[in-house]
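Asker:
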(Lines of atoms letter the chains of each structure in order from A and count residues from 1; the text may use other names and numbers.)
(Lines give C-alpha, C1' and ligand atoms only; values in the text may rest on other atoms or scores of the structure.)
Protein backbone atom coordinates (compact mmCIF):
# COMPACT_ATOMS: atom_id res chain seq x y z
CA UNK A 1 0.00 0.00 0.00
CA UNK A 2 1.39 3.43 -0.94
CA UNK A 3 1.94 6.26 1.52
CA UNK A 4 -0.84 8.21 -0.16
CA UNK A 5 -3.32 5.36 0.35
CA UNK A 6 -2.23 5.03 3.96
CA UNK A 7 -2.66 8.76 4.62
CA UNK A 8 -6.27 8.80 3.35
CA UNK A 9 -9.41 8.39 5.37
CA UNK A 10 -10.44 8.73 8.96
CA UNK A 11 -11.39 11.95 10.66
CA UNK A 12 -9.91 14.94 8.81
CA UNK A 13 -8.41 16.35 12.02
CA UNK A 14 -6.74 13.09 13.02
CA UNK A 15 -3.18 12.15 12.15
CA UNK A 16 -4.26 8.78 10.79
CA UNK A 17 -1.12 6.78 9.95
CA UNK A 18 1.15 9.85 9.88
CA UNK A 19 3.32 8.88 12.86
CA UNK A 20 3.81 5.36 11.57
CA UNK A 21 4.85 6.67 8.14
CA UNK A 22 7.25 9.19 9.70
CA UNK A 23 8.93 6.35 11.62
CA UNK A 24 9.20 4.31 8.43
CA UNK A 25 10.81 7.20 6.53
CA UNK A 26 13.24 7.86 9.38
CA UNK A 27 14.25 4.19 9.29
CA UNK A 28 14.18 3.98 5.47
CA UNK A 29 15.04 7.44 4.11
CA UNK A 30 14.70 6.22 0.52
CA UNK A 31 10.94 6.51 1.10
CA UNK A 32 11.14 10.28 1.61
CA UNK A 33 10.54 11.10 -2.05
CA UNK A 34 7.33 9.04 -2.12
CA UNK A 35 6.09 10.85 0.98
CA UNK A 36 7.05 14.26 -0.44
CA UNK A 37 5.10 13.54 -3.60
CA UNK A 38 1.96 13.01 -1.51
CA UNK A 39 1.81 16.83 -1.45
CA UNK A 40 0.42 16.51 -4.97
CA UNK A 41 -2.49 14.29 -3.92
CA UNK A 42 -5.97 15.44 -4.84
CA UNK A 43 -7.00 14.64 -1.26
CA UNK A 44 -6.61 17.63 1.08
CA UNK A 45 -6.47 15.32 4.13
CA UNK A 46 -3.44 13.58 2.61
CA UNK A 47 -1.79 16.98 2.05
CA UNK A 48 -2.56 17.99 5.66
CA UNK A 49 -1.00 14.80 6.97
CA UNK A 50 2.05 15.01 4.73
CA UNK A 51 2.62 18.55 6.04
CA UNK A 52 2.51 17.21 9.59
CA UNK A 53 4.92 14.44 8.60
CA UNK A 54 7.36 16.93 7.05
CA UNK A 55 7.48 18.97 10.23
CA UNK A 56 8.16 15.85 12.30
CA UNK A 57 10.84 14.57 9.91
CA UNK A 58 12.50 17.99 9.77
CA UNK A 59 12.78 18.07 13.56
CA UNK A 60 14.13 14.50 13.69
CA UNK A 61 16.36 14.47 10.60
CA UNK A 62 16.52 17.82 8.86
CA UNK A 63 19.04 16.52 6.31
CA UNK A 64 16.24 14.66 4.52
CA UNK A 65 14.47 17.93 3.67
CA UNK A 66 17.49 20.02 2.68
CA UNK A 67 17.69 18.63 -0.90
CA UNK A 68 14.01 19.55 -1.30
CA UNK A 69 14.27 23.22 -0.30
CA UNK A 70 13.90 24.39 -3.91
CA UNK A 71 10.80 22.24 -4.33
CA UNK A 72 9.27 23.64 -1.13
CA UNK A 73 9.94 27.15 -2.41
CA UNK A 74 8.83 26.64 -6.01
CA UNK A 75 6.16 23.95 -5.87
CA UNK A 76 4.76 23.39 -2.39
CA UNK A 77 4.42 27.13 -1.72
CA UNK A 78 1.89 27.27 -4.58
CA UNK A 79 -0.49 24.78 -2.95
CA UNK A 80 -3.50 26.77 -1.81
CA UNK A 81 -4.16 24.99 1.47
CA UNK A 82 -3.79 26.51 4.92
CA UNK A 83 -2.03 23.50 6.47
CA UNK A 84 0.60 23.61 3.74
CA UNK A 85 1.17 27.34 4.23
CA UNK A 86 1.47 27.21 8.01
CA UNK A 87 3.83 24.24 7.75
CA UNK A 88 6.03 26.16 5.32
CA UNK A 89 6.43 28.92 7.92
CA UNK A 90 7.61 26.31 10.41
CA UNK A 91 9.86 24.49 7.93
CA UNK A 92 11.47 27.67 6.62
CA UNK A 93 12.41 28.63 10.17
CA UNK A 94 13.92 25.19 10.80
CA UNK A 95 15.72 25.15 7.44
CA UNK A 96 16.94 28.75 7.50
CA UNK A 97 20.61 27.88 8.10
CA UNK A 98 20.52 25.36 5.26
CA UNK A 99 19.22 27.83 2.67
CA UNK A 100 21.29 29.84 0.25
CA UNK A 101 20.84 33.60 0.40
CA UNK A 102 18.57 33.45 -2.67
CA UNK A 103 16.46 30.67 -1.13
CA UNK A 104 16.14 32.60 2.11
CA UNK A 105 14.99 35.71 0.22
CA UNK A 106 12.41 33.66 -1.66
CA UNK A 107 11.18 32.09 1.62
CA UNK A 108 10.83 35.58 3.06
CA UNK A 109 8.80 36.72 0.03
CA UNK A 110 6.50 33.70 0.27
CA UNK A 111 5.84 34.32 3.95
CA UNK A 112 5.34 38.05 3.43
CA UNK A 113 2.77 37.24 0.73
CA UNK A 114 1.04 34.80 3.09
CA UNK A 115 0.93 37.30 5.95
CA UNK A 116 -0.49 39.97 3.67
CA UNK A 117 -3.11 37.79 1.93
CA UNK A 118 -4.14 34.81 4.06
CA UNK A 119 -6.92 34.85 6.60
CA UNK A 120 -6.44 31.46 8.27
CA UNK A 121 -5.55 32.05 11.91
CA UNK A 122 -2.88 29.32 12.05
CA UNK A 123 -1.22 30.56 8.85
CA UNK A 124 -1.15 34.06 10.31
CA UNK A 125 0.19 32.97 13.71
CA UNK A 126 2.91 30.68 12.33
CA UNK A 127 3.93 33.24 9.71
CA UNK A 128 4.11 36.05 12.29
CA UNK A 129 6.30 33.80 14.43
CA UNK A 130 8.81 33.07 11.68
CA UNK A 131 8.90 36.55 10.15
CA UNK A 132 9.07 38.11 13.62
CA UNK A 133 12.14 36.07 14.49
CA UNK A 134 13.76 37.02 11.20
CA UNK A 135 12.80 40.70 11.60
CA UNK A 136 14.90 40.93 14.78
CA UNK A 137 17.97 40.80 12.50
CA UNK A 138 16.54 42.50 9.40
CA UNK A 139 15.65 46.21 9.53
CA UNK A 140 13.90 46.16 6.15
CA UNK A 141 11.72 43.21 7.14
CA UNK A 142 11.04 44.83 10.52
CA UNK A 143 9.73 47.94 8.79
CA UNK A 144 7.55 45.89 6.47
CA UNK A 145 6.07 43.60 9.12
CA UNK A 146 5.21 46.31 11.67
CA UNK A 147 2.33 47.64 9.56
CA UNK A 148 0.90 44.14 9.22
CA UNK A 149 1.34 43.45 12.92
CA UNK A 150 -0.50 46.69 13.77
CA UNK A 151 -3.37 45.61 11.52
CA UNK A 152 -3.46 42.11 13.01
CA UNK A 153 -3.22 43.37 16.61
CA UNK A 154 -6.86 44.38 16.39
CA UNK A 155 -8.00 41.13 14.76
CA UNK A 156 -11.23 39.76 16.23
CA UNK A 157 -9.53 36.41 16.84
CA UNK A 158 -7.77 36.63 20.19
CA UNK A 159 -4.89 34.31 19.25
CA UNK A 160 -4.07 36.37 16.15
CA UNK A 161 -4.24 39.70 17.99
CA UNK A 162 -2.19 38.37 20.90
CA UNK A 163 0.48 36.91 18.57
CA UNK A 164 0.71 40.22 16.69
CA UNK A 165 1.22 42.13 19.96
CA UNK A 166 3.83 39.64 21.17
CA UNK A 167 5.66 39.89 17.86
CA UNK A 168 5.64 43.70 18.03
CA UNK A 169 7.20 43.44 21.50
CA UNK A 170 9.78 40.98 20.17
CA UNK A 171 11.04 43.23 17.36
CA UNK A 172 10.76 46.72 18.86
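Residue numbers (the numbering used here): 4 to 175.
Using N, Cα and C, we set each Cβ at its ideal position, and we do this for glycine too.
From a predicted model like this one, the values you see are computed outputs, not experimental measurements.
(1) Suppose the cutoff is 8 Å on Cβ atoms and the five residues either side in sequence are ignored; what does the same chain contact list for residue 143 look like?
(2) Can you give me the C-alpha to C-alpha distance between residue 124 and residue 14, rounded to a whole angstrom?
(3) In three-state terms, what does DSSP make of residue 84?
(4) What is the residue span of the alpha helix (DSSP H) that residue 27 lies within?
(5) Just to confirm the assignment, what range does the alpha helix (DSSP H) spanning residue 131 have?
(6) Ends of the alpha helix (DSSP H) at residue 57?
(7) DSSP three-state label for residue 15, please.
(8) Below 7 Å CB to CB, which residues in the same chain sit around residue 53 once its five sequence neighbours on both sides are set aside?
(9) Measuring CB to CB, does residue 86 end up less than 7 Å from residue 51?
(10) Determine the direct distance from the alpha carbon of residue 105 to that of residue 36, and round the result to whole angstroms.
(11) Please name the residue in 139, 57, 140 whose C-alpha comes closest to that of residue 22.
(12) Return the CA-CA distance between residue 113 and residue 76, expressed in angstroms with no decimal places.
Answerer: From the atom records:
(1) none
(2) 21 Å
(3) coil
(4) 21–30
(5) 124–138
(6) 47–63
(7) coil
(8) 10, 38, 41, 42
(9) yes
(10) 24 Å
(11) 57
(12) 8 Å
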